[in-house]
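Enquirer: Residue numbers (the numbering used here): -15 to 552. All C-beta atoms, glycine included, are put in the ideal place defined by N, C-alpha and C. Quick one: this structure, given as structure tokens, is what I'll be asking you about.
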Amino acid sequence: MSADVFLVFDILLLVGLPYTTLLASFLHYLIFSFAIMGLGVLDNHKLEHVPGTVFLNDAGSLDLDIAVETANHLAAGLKHDKSIILIPQPSDYPEDPLNWSKWRKELFTAAFIFSCGAVGAVGPLLSTAAVPLAEGYHSSIGTFTSKYNGVLLGCVAISSLLSNSLALEIFWGAASTSLSSLTGSRALTGLGVGPWEALIPASIADVWFVHQRGFRIALFNLGIFGGINLNSPIAGAIIQNYGWRVCSYAMAGAFVLQTILVFLFMPETAYHRAEVLNLDTASRDNLPDAAQELKEEKAEHVEMTPGNGNTGGKKVGQSKKVFPSFKQMLPWSGYSHEVNLFWITLRPFRLVTSVAIVYGIVIFTTAISWLVMIAITISLIFSSPPYNFTVAQVGLTNLSGFVASVLGTLVAQPLSDGLAVYMSKRNQGVYEPEFRLPIVLSYFLFTGVGFFVWGEASYRQEPWPVPVIVGLGMINFGIQLSTTGVLAYMVDSHRELAGESFALLGFVSKTFAMGLAFYISDWLLTSGIRNAFFTLGGITTGLTLLTIPMYIFGKRLRSWHHVHFPIH
């Protein structure tokens, strides 16, 4: 066994053992909890029904009476997929996004994966050439990265709340002749790409049922993180062979393609659905009424909100259309709802009172910031001795992160949706959003440990496969899994406020990443690689431990928020 492998085992034992012991105790708690109702999630005694908690599976029941009652509900008309009750219940109209055909849903998914990939790539677009570009603009590496990335991230934070324009301002950046001009183009680009991180997860909640969302959120993450990681090898090769301006023009071309995909495959997903269909936000005691009302309304006309794309008027089943109509593709044909722009902009900030949302924001913000930090500093590390990588070689180092993200996406299906459904069955059919949280433990097991490996290997100047394949691979694998868990938890806890939740998430994460961009290069130079990345590993580990109380007390915290801050 090589010395490099021993290095990894040493780090795992010396640094990870105390935390691993604590996490092992939590896993033991989970296993023991499988024998009791709730699976370790403490029940709430103040509300009959806590929003987010749903009866998902008819394979189990709380008691015999509920088992019989549930079977009657299914027979009365509640739609289900085999033994899984569909949450929320779809209406009987084809333009309800829940009724879209499988092909239409998957084309929508493919379109947002590409779009999110473009959004993820635009941040670290020229990071592989940061050192030569800083020299070309007669600037220090710290000043260049703070202006090039910091201004972009700041504008993305603002646009998460306000803007929905497209990022074709990259053409300006490609033609810029000064650092100030390049910085200005990045600011406008940030205003264009910001809303994507807020709108796509909310759209996933509109299109997919609760037992299907985890994998689609993993695909959203793959788009964002894959764009960050896959950008570097592609951009590095283009920059080395054709120059950074050609790379910027190619990025602008990708956004032109993105615009076409949005026009063709991504119509409005917001839909005015009868409240009785929202079984996750209504009381479980309303289940009999919901089934009866669904049965009575099957052949009735339900008046729909104008402009939402619903034809109404006659009873229909699941839509067989693959493509939206031309009318639905028009930019002004979306969901119509009278709101005050000023108050709707401030509405996301009310969610700071939700512990579930704050927890998710903290985990996701640090995860995305760590990736931004790696993208910013990777040129500084591998362009210097002993590696002396070319621009193209620096870009290729991120391939390990992309491969790890793909692997994380593949296992997200059984570890997110599959585990949630399995735990619901063990919980006598009752689904709790907290069942999404066990997967978040990967944030320490892979990302935290990966930072320790990355920092120690870089400090010892180990051969590049150790920091690149092992370190970066573990970091990205853990981030892909953990963020899938927290985003699904946020959606399932507050589906009715998913848009606002992710608007706040985008604002906070990009503001934090912007601050990081302004000092990260100088911090790395003054503190040293080892100390800097060990610090990140420690922060990651500490934040992961928050998952334990969130799993145990999460339902009571959701109840507290609903009682004191009801949604109107």
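Pull up the distance between the alpha-carbon of D476 and that of Q196, whole angstroms please.
Expert: By one-based count along the sequence shown, residue 476 stands at place 492. By one-based count along the sequence shown, residue 196 stands at place 212. Taking the straight line joining both Cα atoms gives about 11 angstroms.
Enquirer: Rounded to whole angstroms, what's the CA-CA distance from L245 to A95? Just pull it up for me.
Expert: For this step, residue 245 is matched to residue 261 along the sequence shown. For this step, residue 95 is matched to residue 111 along the sequence shown. Whole-angstrom Cα-Cα distance: 6 angstroms.
Enquirer: Restricting to Cα atoms, I'd like to know which of V191, I352 and D65 is closest to G207.
Expert: Sequence index remark: in the sequence shown, residue 207 carries index 223 (1-based). The option with the nearest alpha carbon to G207 is I352.
Enquirer: Enumerate in chain order the residues of its own chain whose CB-to-CB distance from V230 is below 7 angstroms, with the five nearest sequence positions on each side excluded.
Expert: Within the sequence shown, residue 230 is the residue found at index 246, counting from 1. Excluding positions up to five away in sequence, the list reads I222.
Enquirer: What are the boundary residues of the alpha helix (DSSP H) that includes L465?
Expert: Working through the sequence shown from its first residue, we reach residue 465 at position 481. G457 to S477 is the extent of the alpha helix (DSSP H) around L465.
Enquirer: Can you give me the C-alpha to C-alpha distance between I71 and E79, rounded to a whole angstrom?
Expert: Along the sequence shown, one-based indexing puts residue 71 at 87. Along the sequence shown, one-based indexing puts residue 79 at 95. Rounded to whole angstroms, I71 to E79 spans 17 angstroms at the Cα level.
Enquirer: CA-CA distance, S124 and L117?
Expert: If you number the sequence shown from 1, residue 124 lands on position 140. If you number the sequence shown from 1, residue 117 lands on position 133. C-alpha separation (whole angstroms): 10 angstroms.
Enquirer: Using the beta-carbon count (16 or more within 10 Å), is W228 buried or exposed?
Expert: Numbered from its first residue, the sequence shown carries residue 228 at position 244. Result: buried.
Enquirer: Identify every residue that forms a DSSP beta bridge with H64.
Expert: Position 80 of the sequence shown holds residue 64. I69.
Enquirer: Return helix, strand or coil for V390, following the three-state DSSP convention.
Expert: For this step, residue 390 is matched to residue 406 along the sequence shown. It is helical.
Enquirer: Residues in its own chain within less than 6 angstroms of L541 by CB, not counting five upstream and five downstream?
Expert: Start at 1 with the first residue of the sequence shown, and residue 541 comes out as number 557. Taken in chain order, the residues that qualify are V339.
Enquirer: I'd like the ranges of any alpha helix (DSSP H) spanning at least 4 consecutive residues and lying wholly in the region 482 to 545.
Expert: If we require 4 residues or more, the alpha helix (DSSP H) runs fully inside the region 482 to 545 come out as 482 to 511 and 513 to 528.
Enquirer: Here's a check: name, in chain order, each residue in its chain whose Cβ is nearer than 7 angstroms to the Cβ of M474, leaving out the five neighbours to either side.
Expert: Stepping through the sequence shown from its first residue, residue 474 is reached at position 490. The residues are A340, I341, G344 and S485.
Enquirer: Got a sec, what are the start and stop residues for the alpha helix (DSSP H) K86 sits in?
Expert: Within the sequence shown, numbered from 1, the residue matching residue 86 stands at position 102. Per DSSP, K86 belongs to the alpha helix (DSSP H) from K86 to V106.
Enquirer: Let's see if you can read the secondary structure: which residues bound the alpha helix (DSSP H) around F436?
Expert: Working through the sequence shown from its first residue, we reach residue 436 at position 452. V433 to Y443 is the span of the alpha helix (DSSP H), which, as asked, contains F436.
Enquirer: Taking one C-beta from the region 234 to 251 and one from the region 404 to 420 each time, how about it: are there three or more such pairs within less than 8 angstroms?
Expert: No: the two stretches stay apart, fewer than three of their Cβ pairs being nearer than 8 angstroms.
Enquirer: Could you round the C-beta distance between T468 and I201 to whole angstroms and report it? I think they count as a contact, below 8 angstroms.
Expert: Translated into the one-based positions of the sequence shown, residue 468 becomes position 484. Translated into the one-based positions of the sequence shown, residue 201 becomes position 217. Confirmed, Cβ separation roughly 5 angstroms.
Enquirer: Need the endpoints of the alpha helix (DSSP H) that K409 sits in, please.
Expert: Residue mapping note: residue 409 aligns to position 425 of the sequence shown, counting from 1. Taken as a continuous stretch (DSSP letters only), the alpha helix (DSSP H) holding K409 covers L403 to R410.
Enquirer: Return the Cβ separation of S384 and L456 in integer angstroms, given the expectation that the two are a contact with Cβ distance under 8 angstroms.
Expert: Numbered from 1 along the sequence shown, position 400 holds the residue referred to as residue 384. Numbered from 1 along the sequence shown, position 472 holds the residue referred to as residue 456. Contact holds; Cβ gap of about 5 angstroms.
Enquirer: Please work out which residues of its chain come closer than 8 angstroms, Cβ to Cβ, to W507, disregarding the five sequence neighbours upstream and downstream, and give them in chain order.
Expert: If you number the sequence shown from 1, residue 507 lands on position 523. Excluding residues within five positions, the ones whose Cβ falls inside 8 angstroms are A516.
Enquirer: Under a Cβ-count criterion, where at least 16 other Cβ atoms within 10 Å of its own Cβ denotes burial, should P185 be classed as buried or exposed?
Expert: One-based indexing of the sequence shown puts residue 185 at position 201. Flag for P185 reads buried.
Enquirer: Who pairs with V414 in a beta bridge, going by DSSP?
Expert: Here residue 414 is taken as the residue at index 430 of the sequence shown, counted from 1. The partner list for V414 (beta bridge, DSSP) reads F39.
Enquirer: Taking a contact to mean a Cβ-Cβ separation below 7 angstroms, would you say L391 touches P217 in this structure?
Expert: For the purposes of this step, residue 391 is taken as the residue at position 407 of the sequence shown. For the purposes of this step, residue 217 is taken as the residue at position 233 of the sequence shown. No, the pair does not count as a contact, with Cβ atoms beyond the cut-off.
Enquirer: For a test of the three-state rule: what should DSSP assign to N83, helix, strand or coil?
Expert: Here residue 83 is taken as the residue at index 99 of the sequence shown, counted from 1. Residue state, collapsed to three classes: helix.
Enquirer: Taking 7 angstroms as the threshold (C-beta atoms), are V470 and V424 in contact?
Expert: One-based indexing of the sequence shown puts residue 424 at position 440. One-based indexing of the sequence shown puts residue 470 at position 486. For V424 and V470, yes; Cβs fall inside 7 angstroms.
Enquirer: In terms of residues, what are the limits of the alpha helix (DSSP H) holding Q242?
Expert: Taking the sequence shown and counting its residues from 1, the one referred to as residue 242 is at position 258. Taken as a continuous stretch (DSSP letters only), the alpha helix (DSSP H) holding Q242 covers W228 to F249.
Enquirer: For the alpha helix (DSSP H) containing T350, list its first residue and its last residue.
Expert: Residue 350 sits at position 366 when you count from the first residue of the sequence shown. Here the alpha helix (DSSP H) through T350 covers V339 to F366.
Enquirer: Just mark R444 as buried or exposed, buried being the case when its beta carbon has 16 or more other beta carbons within 10 Å.
Expert: In the sequence shown, residue 444 corresponds to position 460, counting from 1. That one is exposed.
Enquirer: Taking all protein chains shown into account, decide if E119 is buried (16 or more other Cβ within 10 angstroms of its Cβ) or exposed.
Expert: For the purposes of this step, residue 119 is identified with residue 135 of the sequence shown, where counting begins at 1. Answer is exposed; the Cβ neighbour count stays below 16.
Enquirer: Let me confirm a value: T54 is counted as buried when at least 16 other C-beta atoms fall within 10 Å, else exposed. Which label applies?
Expert: Mapped onto the sequence shown, residue 54 falls at position 70. Summary for T54: the model assigns pLDDT 48, below 50, so the residue's position carries little reliability; its value from the coordinates is reported in the next sentence. When all chains shown are included, T54 counts as buried.
Enquirer: Between the alpha carbons of N562 and L109, how many angstroms are there, rounded?
Expert: Nothing can be reported for residue 562, as the shown portion of the chain is limited to -15 through 552.
Enquirer: Once the 5 residues before and after C100 are set aside, which same chain residues still bring their CB inside 7 angstroms of it?
Expert: Taking the first residue of the sequence shown as position 1, residue 100 is located at position 116. W180, I184, F204, G207, I208 and G211.
Enquirer: Any idea what DSSP makes of V336, helix, strand or coil?
Expert: The residue given as residue 336 occupies position 352 in the sequence shown. V336: helix per DSSP, three-state reduction.
Enquirer: What is the residue span of the alpha helix (DSSP H) that G379 lies within?
Expert: For the purposes of this step, residue 379 is identified with residue 395 of the sequence shown, where counting begins at 1. Unbroken alpha helix (DSSP H) run through G379: V375 to L380.
Enquirer: Quick one: using the 10 Å Cβ neighbour count with 16 as the cut-off for buried, is Y226 buried or exposed?
Expert: What you label residue 226 is simply residue 242 of the sequence shown in a count that begins at 1. Answer is exposed; the Cβ neighbour count stays below 16.
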